[in-house]
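Beneath this line is the structure, given in structure tokens, with notes to follow.
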Amino acid sequence: MNVTSTVDESTLPTALQSGLRAIRERMLPGAFVVALEPNHAIISVGTMTKAATRVGDPTVSDTDLPDAYVESQVSIFARVSRNFPNADSYGVVTVPFLTRTDGRPIEWQHRDNANAASTMAALGRSDAGFWSWNWQGAPQRVPEDLVAVVEWARRCVREGAR
Amino acid sequence: MNNSEVGAEVADAAQHKGGRTYVVHIGALTLKFDASPVQAALILTRAGCTPPEDYTLERLKGAQGPAEQEYEAADLVTLDEAHAQHFRAVPKGGGRS
Numbered sequence: 000m001n002v003t004s005t006v007d008e009s010t011l012p013t014a015l016q017s018g019l020r021a022i023r024e025r026m027l028p029g030a031f032v033v034a035l036e037p038n039h040a041i042i043s044v045g046t047m048t049k050a051a052t053r054v055g056d057p058t059v060s061d062t063d064l065p066d067a068y069v070e071s072q073v074s075i076f077a078r079v080s081r082n083f084p085n086a087d088s089y090g091v092v093t094v095p096f097l098t099r100t101d102g103r104p105i106e107w108q109h110r111d112n113a114n115a116a117s118t119m120a121a122l123g124r125s126d127a128g129f130w131s132w133n134w135q136g137a138p139q140r141v142p143e144d145l146v147a148v149v150e151w152a153r154r155c156v157r158e159g160a161r
Numbered sequence: 000m001n002n003s004e005v006g007a008e009v010a011d012a013a014q015h016k017g018g019r020t021y022v023v024h025i026g027a028l029t030l031k032f033d034a035s036p037v038q039a040a041l042i043l044t045r046a047g048c049t050p051p052e053d054y055t056l057e058r059l060k061g062a063q064g065p066a067e068q069e070y071e072a073a074d075l076v077t078l079d080e081a082h083a084q085h086f087r088a089v090p091k092g093g094g095r096s
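Residue numbers (numbering that gives the first Met the number 0), protein chains in the order written: chain A, 0 to 161; chain B, 0 to 96.
Right, dumping it as structure tokens:
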């Protein structure tokens with residue numbers, strides 16, 4: 000899925016811009032803001048792909064998707080507080096909605112959730128999953144702690160496969 | 000970077016330092032260490048993950064996972080594999096709600 004941004008990041012709070020720079024320098028050069036909500040920014044944090052179906056070598060923006068999912072690839076978006084680090088971030092959005100091969104529902108993944116609406120509108124998709132995933136106890140002292148959001152979001156998807 | 004490039008990088012660094020250099024990839028960063036083992040906290044700190052106690056360091060099988068070993072900040076991490084090693088820093092905290 001090709002995703003582009005129309006968000007002018009220069010309008011975002013300075014701390015959030017610093018956090019985005021840190022993500023790009025240390026974690027994910029291609030990270031960007033996909034959509035804005037009143038209190039949150041939706042950041043693209045790459046994809047996860049099943050190793051068996053990946054074409055080419057893995058990159059920092061494409062980590063392994065557990066085999067416990069039916070889907071072979073998913074795009075991941077972190078819902079970050081616009082006032083980070085002064086307010087908690089909340090929620091991960093995946094496109095598409097993920098299903099387990101064993102049929103068990105993932106209790107904290109939701110279809111047609113309002114918190115995924117801005118992401119779906121930006122992408123022109125209707126098949127997103129919103130994951131109720133909190134930031135409690137995660138690093139949140141300085142703007143650069145936003146780098147943690149990449150693995151925080153990926154961990155959410157890995158946990159859904161357990 | 001492929002394995003031959005990493006090997007060349009290691010050999011080049013060793014030639015200049017008179018000893019081995021251990022190459023670690025974490026996120027988009029490539030870090031070099033002159034000794035093995037090193038404390039996980041050192042890898043995390045040099046990757047900008049501070050305080051290191053807020054993170055779990057995971058050694059990856061291959062470049063992007065899955066994880067094959069987890070380290071707390073105080074743990075020692077052996078780096079003396081023949082090739083560069085890949086890690087990820089997973090923040091503690093957060094979870095389903």
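The beta carbon of each residue, even a glycine, is placed where N, CA and C say it ideally should be.
Counting along the chain, Ile75/A sits inside the beta strand (DSSP E) bounded by residues Gln72 to Ser80.
Under the Cβ distance rule, Lys91/B counts among the residues neighbouring chain A, one pair being separated by less than 8 angstroms. Shown here for Asn85/A: same chain residues with a beta carbon closer than 8 angstroms to its own, the five before and five after excluded, namely Ala14 in chain order. At a C-beta separation below 7 angstroms, Pro138/A has these neighbours in chain B: Asp53 and Pro90. Counted as a single uninterrupted DSSP element, the alpha helix (DSSP H) harbouring Thr44/B occupies residues Ala39 to Arg45.
Cβ neighbours of Thr5/A within its own chain (closer than 8 angstroms, five residues either side excluded): Ala121. Of all residues in the region 130-157 of chain A, those with a C-beta nearer than 7 angstroms to a C-beta of chain B are Ser131, Trp132, Asn133, Trp134, Gln135, Gly136, Ala137, Pro138, Glu143, Val146, Ala147, Glu150, Trp151 and Arg154, reading in chain order. Of the candidates Glu69/B, Gly18/B, Leu28/B and Gly61/B, Glu69/B places its Cα closest to the Cα of Val89/B. Counting only runs of 4+ residues, the alpha helix (DSSP H) found wholly inside the region 108-158 of chain A occupies 116-122, in chain order.
Using a CB distance below 8 angstroms, the part of the region 51-81 of chain B facing chain A consists of Asp53, Tyr54, Gly61, Ala62, Gln63, Gly64 and Pro65, ordered along the chain. In this structure, the straight-line span from the alpha carbon of Ser71/A to that of Arg20/A is close to 30 angstroms. For Gly90/A, there is no enclosing alpha helix (DSSP H); the residue is part of the beta strand (DSSP E) that begins and ends at Tyr89 to Val94. Taking CB atoms only, Arg87/B has a neighbour in chain A less than 8 angstroms away. Counting along the chain, the unbroken beta strand (DSSP E) around Thr55/B starts and ends at Tyr54 to Leu59.
Fully contained in the region 34-70 of chain A are the following beta strand (DSSP E) runs of length 3 or more, in chain order: 39-48 and 61-63. Contact check between the region 32-44 of chain A and the region 121-136 of chain A: three or more CB pairs, one atom from each, fall below 8 angstroms, which counts as touching. For Leu28/B, the enclosing beta strand (DSSP E) has its first and last residue at Leu28 to Phe32.
Straight-line spacing of the CA atoms in Asp144/A and Arg23/A works out to 12 angstroms.
Against Arg19/B, chain A offers no close residue; the least beta-carbon distance is about 25 angstroms (beta-carbon pairs closer than 8 angstroms). When C-alpha distances from Ala77/A are compared across Asp66/A, Tyr89/A, Glu106/A and Pro104/A, the shortest belongs to Tyr89/A. Setting aside the 5 residues that flank it on each side, Arg58/B is surrounded in the same chain by Glu67, Gln68 and Phe86, each with a C-beta closer than 6 angstroms to its C-beta; the list follows chain order. Across the structure, Ser43/A and Gly29/A are spaced so that their CA atoms are roughly 8 angstroms apart. Nearest neighbour of Ile25/B by Cα position, chosen from Thr62/A, Pro142/A and Trp132/A, turns out to be Thr62/A. With a threshold of 8 angstroms between beta carbons, Leu28/B makes contact with chain A. When beta bridges are read from the DSSP output, Gln68/B appears opposite Arg58/B.
Here DSSP, grouped into helix, strand and coil, assigns Arg23/A to helix. Taken through DSSP and simplified to helix, strand or coil, Pro28/A comes out as coil.
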